[in-house]
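Heads up, the working numbering is the position in the sequence shown plus 1197, with the first residue counted as 1.
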Amino acid sequence: MATQHEAFMKKVRRLGKMLDALAAVSPSLAGRAGFRIFCTPRRIPFKEQDRHFLATASPFFFRSGKYRMSGYTWASEREDAPEVLCLHGWESNSARWRHFIRGMHAAGFTVHAFDAPASGGSGGKLLNVIRYSRAVSDLVARRGKPLYAMVGHSLGGAAAVMSTAMLQVPYPEKMVLLGVFAESKRVIEDFGKILGVGDTVLGGIAREIERRSGVPVEEYSIAKKAALLTDIEGFVLHDRDDEVAPVAEGRRIAESWQARYLETKGLGHRMQDPAVVREVV
């Protein structure tokens, strides 16, 4: 009997075959369809413990494009407390920061988080680094003042870098990246391997990204853009056993940025560990 994962992968492979067949007729249509699949996360339901944790925050909402974003604030008792924004990754929500937020709040920080587009309690159907970065920009503009720090995991870390490097978001003093990929192009290539599609589909996706954003996919390089953030104190953490973003990518970001770098072992991509929490705080 097929496992859930095996059944899911069969569906994915069927999608890949359909995209390849479409690409033989219309590469541009295949690129657009592939882009939508690439940018469509599964909306993971909140677990009961997630709801309990998020209920300890003061909720807020803001608009990004035509969608409403759901945000959360854990305010310090100090009015002048430094403020931190936490940005979660793909197919996740703000509750993934529970241990980090508790640590930062106990240390005297005011902590904000929001569910990315098409994630958690936020609206939308598509998520990518472009859309996520715009949401970060919209939130910071709404606040009207720079943050003390941004902390981002995976795609959230990419959005932190891109929003400051490309969208003129005011620089925070510090930025922490956990398990972040160095090149968006590599992520697209991995997506192609999972679907089993050919170069025509991947090329179509790349062209669709450029059509929508006006920027070639090669420019969505986290390593290159991080190197521009010389006025931000950077801290990059990556696990040697990261099954999503190879550890070499974290090393590359840290080297190009000249940021502090910490490498862990045995934690995987999520990096949920008390020692990591202490280092970030």
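Quick reminder that beta carbons are idealized off the backbone N, C-alpha and C, glycines included.
Note that the structure is predicted; figures quoted are calculated from it, not measured.
DSSP-derived helix/strand/coil call for residue i
i	result
P1247	Checking the displayed sequence, the identity of residue 1247 turns out to be Asp instead of Pro. Three-state DSSP puts D1247 in a helix.
D1335	helix
L1226	helix
S1289	coil
R1260	strand
V1478	coil
D1217	helix
L1212	helix
M1468	coil
V1444	helix
R1437	coil
G1231	helix
E1276	coil
R1295	helix
Own chain partners of residue i with C-beta closer than 6 Å, once the 5 adjacent residues on each side are dropped
i	result
V1333	A1356, S1360
L1352	G1286, W1287
R1448	none
Y1329	A1313, A1356
G1228	G1401, I1402, R1404, E1405
D1439	G1376, H1466
S1319	M1266, S1267, D1312
L1284	G1349, G1353, A1356, A1357
CA-to-CA distance, residue j to residue i, given in whole angstroms
i	j	result
R1475	R1408	42 Å
F1388	M1468	22 Å
V1377	V1222	36 Å
E1415	S1381	7 Å
L1226	R1240	25 Å
V1348	L1375	8 Å
F1273	R1233	Note that residue 1273 corresponds to Ser in the displayed sequence, not to Phe. In a straight line, the C-alpha of S1273 is about 40 Å away from that of R1233.
F1235	P1242	20 Å
V1473	I1419	22 Å
A1252	M1266	16 Å
L1216	P1238	18 Å
R1339	L1219	42 Å
A1310	Q1201	32 Å
W1294	D1277	23 Å
P1343	P1367	5 Å
G1411	A1362	16 Å
N1290	G1317	5 Å
E1446	V1337	28 Å
I1327	V1384	14 Å
D1335	I1298	22 Å
Nonlocal neighbours in the same chain, by C-beta distance under 8 Å from residue i, ignoring five residues either side
i	result
Y1345	P1279, E1280, V1281, F1306, P1369, E1370, K1371
Chain-order list of residues whose beta-carbon lies under 7 Å from that of residue i (same chain, five-residue window excluded)
i	result
M1301	V1281, V1308, V1478
A1204	none
Determine contact between the stretch 1416 to 1434 and the stretch 1246 to 1259, defined as no fewer than three beta-carbon pairs at a distance below 8 Å. no
Please give the ranges of any alpha helix (DSSP H) in the stretch 1298 to 1364, keeping only runs that are unbroken, at least 4 residues long and fully inside the region. 1326 to 1340, 1352 to 1363
Do the stretch 1208 to 1221 and the stretch 1392 to 1404 touch if we need at least three Cβ pairs shorter than 8 Å? yes
Runs of 4 residues minimum, wholly inside the stretch 1359 to 1424: which ones carry the alpha helix (DSSP H) assignment? 1381 to 1392, 1396 to 1410, 1419 to 1423
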